[in-house]
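A.B. asks: Sharing a structure with you now.
Numbering (the numbering used here), first residue to last: 28 to 216.
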């Protein structure tokens, strides 16, 4: 387990040296939180409420806007605490991926990979923002055959899981992190 986490730390940018947000965009940070349950790596995702202004009803990694005066990592930790009840300071930051931009909501988003060494018995979601929390095995997220391509006019990749769909910006973030996560797993197995 420690070898896998060490490899992630080696392969990703340092927490405090990931780069910059896109100029003029709204700043946001998300956390790809790894924890062990039932002998496997799991990642919690949130299902946003349908009545929210930004990305209503979508499945996302826990995270949100970065406030003035806080670092992106501090913002990600705060949002994880607010959204899924993991107190600030309980996550071990392993590294950062490249920032992503979404023109629809003008967000520049930096994803952080983090380890939760002691997951709670139950994650508690913020009912003012979220419909719930979905836990997806890392193995499924990294399995390219699990990701499907839409058959609509606008082609996009998605992952169906427990009556929810991971797509859009969240799919792009997972796809951006996946090669290095796969490499970390292969170098420790």
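Every residue gets a Cβ at the ideal spot worked out from N, C-alpha and C, and that includes glycine.
Here the structure is a predicted model, which is why all the values come from computation and not from measurement.
Taking only runs that begin and end inside the region 43 to 119, name each unbroken alpha helix (DSSP H) of 4 or more residues, in chain order.
C.D. replies: Given a length threshold of 4 residues, each whole run of the alpha helix (DSSP H) inside the region 43 to 119 is given here in chain order: 99 to 111.
A.B. asks: Helix, strand or coil: how does DSSP classify residue 121 here?
C.D. replies: Within the chain shown, the letter at position 94 stands for residue 121. DSSP places residue 121 in strand when its eight states are reduced to three.
A.B. asks: Hey, how far is the Cα of residue 234 from the Cα of residue 137?
C.D. replies: Here the chain covers residues 28 to 216 and nothing more, so residue 234 does not appear.
A.B. asks: Consult DSSP for residue 213 and reduce its assignment to one of helix, strand or coil.
C.D. replies: The residue you call residue 213 lines up with position 186 of the chain shown. Correct three-state label for residue 213: helix.
A.B. asks: With a Cβ-Cβ cutoff of 8 angstroms, do residue 168 and residue 201 count as a contact?
C.D. replies: Within the chain shown, numbered from 1, the residue matching residue 168 stands at position 141. Within the chain shown, numbered from 1, the residue matching residue 201 stands at position 174. Yes. Within cutoff.
A.B. asks: Assuming residue 88 and residue 58 form a contact by the criterion Cβ under 8 angstroms, report the distance between their Cβ atoms to the nearest whole angstrom.
C.D. replies: Along the chain shown, read from residue 1 onward, the residue named residue 88 stands at position 61. Along the chain shown, read from residue 1 onward, the residue named residue 58 stands at position 31. Confirmed, Cβ separation roughly 6 angstroms.
A.B. asks: Check residue 158 in the structure and name its three-state DSSP category.
C.D. replies: The residue you call residue 158 lines up with position 131 of the chain shown. Three-state DSSP puts residue 158 in a strand.
A.B. asks: Would you mind working out which of 183, 123, 93, 44 sits nearest residue 60, comparing C-alpha positions?
C.D. replies: What you label residue 60 is simply residue 33 of the chain shown in a count that begins at 1. Nearest to residue 60 by C-alpha distance, out of 183, 123, 93, 44, is 123.
A.B. asks: For residue 207 and residue 72, which I take to be in contact (beta-carbon distance under 8 angstroms), what is that distance rounded to the nearest angstrom?
C.D. replies: For this step, residue 207 is matched to residue 180 along the chain shown. For this step, residue 72 is matched to residue 45 along the chain shown. Contact doesn't hold; Cβ gap of about 19 angstroms is too wide.
A.B. asks: How about residue 111 and residue 160: do their beta carbons lie closer than 8 angstroms?
C.D. replies: Against the chain shown, residue 111 aligns to sequence position 84. Against the chain shown, residue 160 aligns to sequence position 133. Their beta carbons are under 8 angstroms apart, which means residue 111 touches residue 160 by this criterion.
A.B. asks: In the structure shown, what three-state DSSP assignment does residue 151 receive?
C.D. replies: On the chain shown, residue 151 is found 124 positions in, with the first residue counted as 1. It is coil, neither helix nor strand.
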